[in-house]
Amino acid sequence: MPMRLDEIDKRILRALQRDGRLQNIELAKEVGLSPSPCLRRVKLLEEAGIIDRYVAVLNPVKAGLPLSMFARVWLTAQDADTIDHFMEAMKKLPQVMECYIMLGESDALLRVVVADLDDYRQFQSTHLTRINGIQNVKTDVPSQIVKQTYALPLR
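The letter at position 57 of the sequence shown is residue 57 when you use UniProt numbering, and the numbering goes up by one with no holes.
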């Protein structure tokens, strides 16, 4: 059962989603608590798994991986072994940033980051299409990023 979040918990989470490096004193001041209760709440949110982990969000252009490609994948079958094999293979590919098993036209949707189109072509031919169980891959290339966020809309 999910933990019930009150308004203070939500303010803490919004602040940490905006800046995960906030010091507890700054966080407490921002959410209207003294430092000890604020730290106690953060620890509870971590223990409950609501705060999953802390990460640094990199600029993909400056990191040399400016291109996100979306690959729709069709598998040879939808049985548990084929899907499990596919999922394990995707977890091992660092270029695959996100992988979703889909209900609908395709069996999976991937977001893949690469340096350029040649890099993607090489990734697809040397890794993606060599995985057993993959029948077909169709790639979509976004022309512009309109919105990209990692913050959940807490209400």
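Just so it is clear, CB atoms sit at the ideal spot from N, CA and C, and this is done for glycine as well.
Residue nearest to Leu-93 within the set Leu-45, Arg-14, Glu-7 and Val-113 is Val-113 (criterion: CA-CA distance). Residue range 96 to 101 is occupied by the beta strand (DSSP E) that includes Ile-101, with no alpha helix (DSSP H) assigned at that position.
A direct Cα-Cα distance of roughly 18 Å separates His-127 from Asp-140. Around Val-31, the same chain offers Ile-8, Arg-11, Ile-12, Ala-15 and Cys-38 as residues with beta carbons nearer than 7 Å, after the five sequence neighbours per side are excluded.
Under the three-state reduction of DSSP, Gln-23 is assigned to coil, being neither helix nor strand. A direct Cα-to-Cα measurement between Arg-121 and Leu-22 gives close to 40 Å. When rounded, the separation of the alpha-carbon atoms in Gln-78 and Ser-34 is 53 Å. Only residues of its own chain outside the window of five on either side were considered, and among them Tyr-150 have a CB closer than 8 Å to the CB of Val-57, listed in chain order.
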